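Quick note on the numbering used here: the sequence shown kicks off at 784 and runs consecutively.
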Amino acid sequence: MLEGVYRRYGHDFRAYAPATIRRRVLHCRHAEGLETVSALQERVLRDPQAMNRLIECLSINVTEMFRDPTFFRALREQVIPVLRTHPFIRVWHAGCATGEEVYSMAILLHEAGLLERTRLYATDMSAAALAAARSGIYPQDKLSAYAQAYALSGGTGDFGAYFTQQYDHGIVHASLRRNIIWGQHNLATDGSFNEFHLILCRNVMIYFKKPLQEHVHALLTESLVPFGVLGLGRHESLDFSAHAGRYSTLNLTEKLYRRIA
């Protein structure tokens, strides 16, 4: 089925971790009301809308604002001073899901006085996740938890002031959204599209097999300016990668690396 999806649509899931892909394909089969994966394959290859639903099933959209607060504290203390040296800053969130970490970075840049000279490029393969991210609307109960993570990350402002309250939801202020460019991008099949001073690709590659991880590392390395910074997830690393020699370690605990010129 995955080979058929690649040939028909160009979406490549063949190098995803087997346990993850199996679990999510079976979930999609159940959601479609089908008895077999073969039946799911036939439907997906014949119906582009079914293919879109499969992509949503295969997307990993687990995220939070200021997820792992010590990571964002490290960004404040070690990466912001580096970004401050550039007259114009480009940041790429690869695999941005529903946008919470993108807006977290926008808040951090705003508090550092750098947001107005920054473009944040936020990409994901899921159109539905990007639509949710663009809306910037989050439940109030989640925002209460995010406020605690914001404080732990070193934030000293009024977190609630970054949102307009509407019933039981908060909407991210337009001032934070203005410099964000959202777009669909598949790390498995799409290429580099700019040079960036900071790339965040967190908790994405843990779902990939080693060859796809290497492919993505090559893509991210190609997309960084000399001395640009790469941020990975807690359970991801450059260790044993063919590209490890092209980086120096900025913060091993928080998985921040700086590309060597």
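A virtual CB, placed ideally from N, CA and C, is assigned to each residue, including glycine. Nothing here was measured: the structure is a model prediction, and the numbers come from that model.
How many angstroms separate the CA atom of HIS810 from the CA atom of ALA822?
14 Å
Same chain only: Cβ atoms within 7 Å of GLN861, ignoring 5 sequence neighbours per side | LEU1033, ASN1034 and LEU1039
What is the rounded straight-line gap between the Cα of ARG902 and the Cα of GLY882?
15 Å
Exercise. Can you tell me whether GLU899 is buried or exposed, with buried defined as 16 or more other CB within 10 angstroms of its CB?
Worked result: exposed
Beta-carbon contacts of ARG1029 that lie in its chain and below 7 Å, excluding the five residues immediately before and after:
THR1004, ARG1042 and ILE1043
Is it buried or exposed for GLN996, if we count other Cβ within 10 angstroms and need 16 for buried? buried
Practice problem: Note down the Cα distance separating CYS984 from ASP951, rounded to an integer number of angstroms. | Solution: 30 Å
Compute the Euclidean distance between the alpha carbons of THR928 and ARG790, then round it to the nearest angstrom.
For the record, residue 928 in the displayed sequence is Ala; it is not Thr. Approximately 43 Å between the Cα atoms of the pair.
- Query: In chain order, what residues of the same chain lie with their CB nearer than 7 Å to the CB of SER975, ignoring the 5 residues before and after it?
  - Reply: LEU1002, GLU1005 and SER1006
Alpha carbon to alpha carbon, how far is ARG961 from HIS1026? Give it in angstroms, no decimals. 34 Å
Checklist entry - Once you ignore the five residues that flank PRO922 on each side, which residues in its own chain have a CB closer than 7 Å to its CB? => result ASP951 and HIS952
Q.
Here's a check: name, in chain order, each residue in its chain whose Cβ is nearer than 8 Å to the Cβ of LEU841, leaving out the five neighbours to either side.
A. PHE796, TYR799, ILE804, ARG807, VAL808 and CYS811
Original post:
Would DSSP call ASP951 helix, strand or coil?
Top reply: coil
Can you give me the Cβ contacts of PHE942 inside the same chain, cut-off strictly under 6 Å, excluding the 5 residues immediately before and after it? ALA930 and TYR933
Quick check on the DSSP output: the beta strand (DSSP E) that includes GLN824 runs from which residue to which?
GLN824 -> not in any beta strand (DSSP E); alpha helix (DSSP H) instead, spanning 820-829.
Requested in this report: Check each candidate in VAL1008, THR972, GLY1014 and GLY1011 and name the one with the smallest Cα separation from PRO994.
Outcome: THR972
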